[in-house]
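Q: If you scroll down you'll find the structure; I have some questions about it.
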Amino acid sequence: MDKLKRTKILKIKEEAPDILTFRVQNKLGGIKPGQFIFLSINTVGEAPISVSSINEDYIELTVKKLGLVTTALFQKKVGDIVYIRGPYGNCFPTAKQYVLVAGGFGLAPLKALIEKKQKNVKKLFYGAKTFEDMIFKDELKKWQFSELIVERKTKGCHLPTGLVTDLIEKAKMRPISTVIICGPPIMVRFVSQSLEKKGFKDKKIYASLEKTMYCGTGLCGHCNIGSYYVCKDGPVFRLDNIKNFEEKII
Ligand code: FES
Numbered sequence: 132m133d134k135l136k137r138t139k140i141l142k143i144k145e146e147a148p149d150i151l152t153f154r155v156q157n158k159l160g161g162i163k164p165g166q167f168i169f170l171s172i173n174t175v176g177e178a179p180i181s182v183s184s185i186n187e188d189y190i191e192l193t194v195k196k197l198g199l200v201t202t203a204l205f206q207k208k209v210g211d212i213v214y215i216r217g218p219y220g221n222c223f224p225t226a227k228q229y230v231l232v233a234g235g236f237g238l239a240p241l242k243a244l245i246e247k248k249q250k251n252v253k254k255l256f257y258g259a260k261t262f263e264d265m266i267f268k269d270e271l272k273k274w275q276f277s278e279l280i281v282e283r284k285t286k287g288c289h290l291p292t293g294l295v296t297d298l299i300e301k302a303k304m305r306p307i308s309t310v311i312i313c314g315p316p317i318m319v320r321f322v323s324q325s326l327e328k329k330g331f332k333d334k335k336i337y338a339s340l341e342k343t344m345y346c347g348t349g350l351c352g353h354c355n356i357g358s359y360y361v362c363k364d365g366p367v368f369r370l371d372n373i374k375n376f377e378e379k380i381i
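Each residue of the sequence shown is one higher than the one before, counting from 132 in my numbering.
Right, here's the structure in full:
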């Protein structure tokens, strides 16, 4: 297991209810968009976290309050120390043109890719339950290539209502881009069906999957799906490689 590196929290930003972005010193190096790290808190434990921004001096970790470690992290303040190790997993594929599809919290790892490859992003389809649940609201205002949709309108929200698949079905696009989908498995399934109707081939579609993880290095077997380990062989999988497993993944 990689050695834990001590790092300082430099900034904390609220994104949505129970979702914060923590900027910490980049003590790892070599992280690529799509990869994840483990964040550890003394006496509590550690959790895998995807990286939402990668810079020479700092990385950003967008975190949903879900378990013991993230609850402990939410009590930390700017200047406090946490520990990180990694990076782990594979990264998003390189492509000349990307179409990105995200649901809710799934936008977190894609932000790191958008920041590095903005010129190559043709479209971002992003859906969430409500506008309040959307993350990176400041960035979304600047990303001209984004199309947004919410399941439910709240006061003052002028976005269309529906699912992210509705945006894809209405969109005019040639099926030549590489697509990356980040969201829950059910969303990945319906989005890939909508894309296939538009003529996109499985070999051009990638999904980032989530599984319970402990070691991050392919040793403990916790993140096994079919013949793969999400921590080592993923988290990014090409659709044709995960579609036909006996265990229903998507
Ligand atoms: S987390 Fe241990 S094998 Fe993947």
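Ideal Cβ positions, reconstructed from N, Cα and C, are used throughout, including at glycine.
Quick one: which unbroken alpha helix (DSSP H) runs of 4-plus residues sit fully inside the segment 281-324? Chain order, please.
A: If we require 4 residues or more, the alpha helix (DSSP H) runs fully inside the segment 281-324 come out as 295-301.
Q: Under the DSSP definition of a beta bridge, which residues are partnered with residue 176?
A: Here the question's residue 176 lines up with position 45 in the sequence shown. 172.
Q: Taking only the alpha-carbon atoms, compute the straight-line gap between residue 328 and residue 196 and give it to the nearest angstrom.
A: Within the sequence shown, numbered from 1, the residue matching residue 328 stands at position 197. Within the sequence shown, numbered from 1, the residue matching residue 196 stands at position 65. If I take the Cα positions, the gap works out to 36 Å.
Q: Given 8 Å as the limit, tell me if residue 221 has its C-beta closer than that to any heavy atom belonging to ligand 1.
A: Within the sequence shown, numbered from 1, the residue matching residue 221 stands at position 90. Every heavy atom of ligand 1 is 8 Å or more from the Cβ of residue 221, so no.
Q: Looking at ligand 2, does it come within less than 8 Å of residue 340, judged from the CB to the closest heavy atom?
A: In terms of ligand content, the structure shown lacks ligand 2 and carries ligand 1 instead.
Q: Does residue 170 pass the burial test, meaning 16 or more other C-beta atoms within 10 Å, or should it be called exposed?
A: The residue given as residue 170 occupies position 39 in the sequence shown. Buried, because 16 or more other Cβ atoms sit within 10 Å of the Cβ of residue 170.
Q: Mind checking whether residue 308 and residue 189 have CB atoms under 9 Å apart?
A: Residue mapping note: residue 308 aligns to position 177 of the sequence shown, counting from 1. Residue mapping note: residue 189 aligns to position 58 of the sequence shown, counting from 1. The answer is no: Cβ separation not under 9 Å.
Q: Near residue 162, which residues of its chain fall below 6 Å by C-beta distance, leaving aside the five closest residues on each side in sequence?
A: Numbered from 1 along the sequence shown, position 31 holds the residue referred to as residue 162. The answer, listed in chain order, is 182, 185 and 218.
Q: Measuring straight from C-alpha to C-alpha, what distance separates residue 302 and residue 335?
A: Along the sequence shown, read from residue 1 onward, the residue named residue 302 stands at position 171. Along the sequence shown, read from residue 1 onward, the residue named residue 335 stands at position 204. So the two alpha carbons sit approximately 18 Å from each other.
Q: Going by the beta-carbon positions, is the gap between residue 311 and residue 223 smaller than 9 Å?
A: One-based indexing of the sequence shown puts residue 311 at position 180. One-based indexing of the sequence shown puts residue 223 at position 92. Yes. Within cutoff.
Q: Within 8 Å: the Cβ of residue 304 and any heavy atom of ligand 1?
A: Against the sequence shown, residue 304 aligns to sequence position 173. Checking every heavy atom of ligand 1 against the Cβ of residue 304, none is found closer than 8 Å.
Q: Please report the Cβ distance between residue 259 and residue 235, rounded to the nearest whole angstrom; I am assuming they are in contact, meaning their Cβ atoms lie under 8 Å.
A: The count along the sequence shown starts at 1 and reaches residue 259 at position 128. The count along the sequence shown starts at 1 and reaches residue 235 at position 104. The Cβ separation is near 5 Å, so the contact holds.
Q: Hey, is residue 361 close to ligand 1, as in C-beta under 8 Å from one of its heavy atoms?
A: Taking the sequence shown and counting its residues from 1, one reaches residue 361 at position 230. Flag set: Cβ of residue 361 near ligand 1.
Q: Near residue 244, what residues of its chain come up, given a Cβ to Cβ distance below 6 Å and the 5 sequence neighbours on each side ignored?
A: For the purposes of this step, residue 244 is identified with residue 113 of the sequence shown, where counting begins at 1. Once the five neighbours on either side are set aside, the close Cβ partners of residue 244 are 164 and 223.
Q: Considering residue 245, what are the terminal residues of the beta strand (DSSP E) in which it resides?
A: Taking the sequence shown and counting its residues from 1, one reaches residue 245 at position 114. Residue 245 -> not in any beta strand (DSSP E); alpha helix (DSSP H) instead, spanning 238-248.
Q: Secondary structure at residue 203, three-state DSSP: helix, strand or coil?
A: Numbered from 1 along the sequence shown, position 72 holds the residue referred to as residue 203. Three-state result, residue 203: helix.
Q: So what's residue 197 in DSSP terms, helix, strand or just coil?
A: Numbered from its first residue, the sequence shown carries residue 197 at position 66. Coil, per DSSP.
Q: Sort 262, 231, 296 and 249 by Cα distance to residue 273 and report the nearest one.
A: Translated into positions along the sequence shown, residue 273 becomes position 142. With distances taken between Cα atoms, residue 273 lies closest to 249.
Q: Can the beta-carbon of residue 212 be found less than 9 Å from the beta-carbon of residue 158?
A: Residue mapping note: residue 212 aligns to position 81 of the sequence shown, counting from 1. Residue mapping note: residue 158 aligns to position 27 of the sequence shown, counting from 1. No, they are not a contact pair.
Q: Going by DSSP, which residues form a beta bridge with residue 355?
A: Taking the sequence shown and counting its residues from 1, the one referred to as residue 355 is at position 224. Paired residues: 360.
Q: In the DSSP assignment, find the alpha helix (DSSP H) that holds residue 266 and state where it starts and stops.
A: Along the sequence shown, one-based indexing puts residue 266 at 135. First-last for residue 266: undefined, no H or E at that position.
Q: How many Å lie between residue 261 and residue 134 at the Cα?
A: If you number the sequence shown from 1, residue 261 lands on position 130. If you number the sequence shown from 1, residue 134 lands on position 3. Each residue's Cα considered, the two are about 40 Å apart.
Q: Suppose you measure from the CA of residue 366 to the CA of residue 373; what does that come to, to the nearest Å?
A: In the sequence shown, counting from the first residue as 1, residue 366 sits at position 235. In the sequence shown, counting from the first residue as 1, residue 373 sits at position 242. Roughly 11 Å between the two C-alpha positions.
Q: Assign residue 350 to one of two classes, buried (16 or more other C-beta atoms within 10 Å of its C-beta) or exposed (fewer than that).
A: Translated into the one-based positions of the sequence shown, residue 350 becomes position 219. Exposed.
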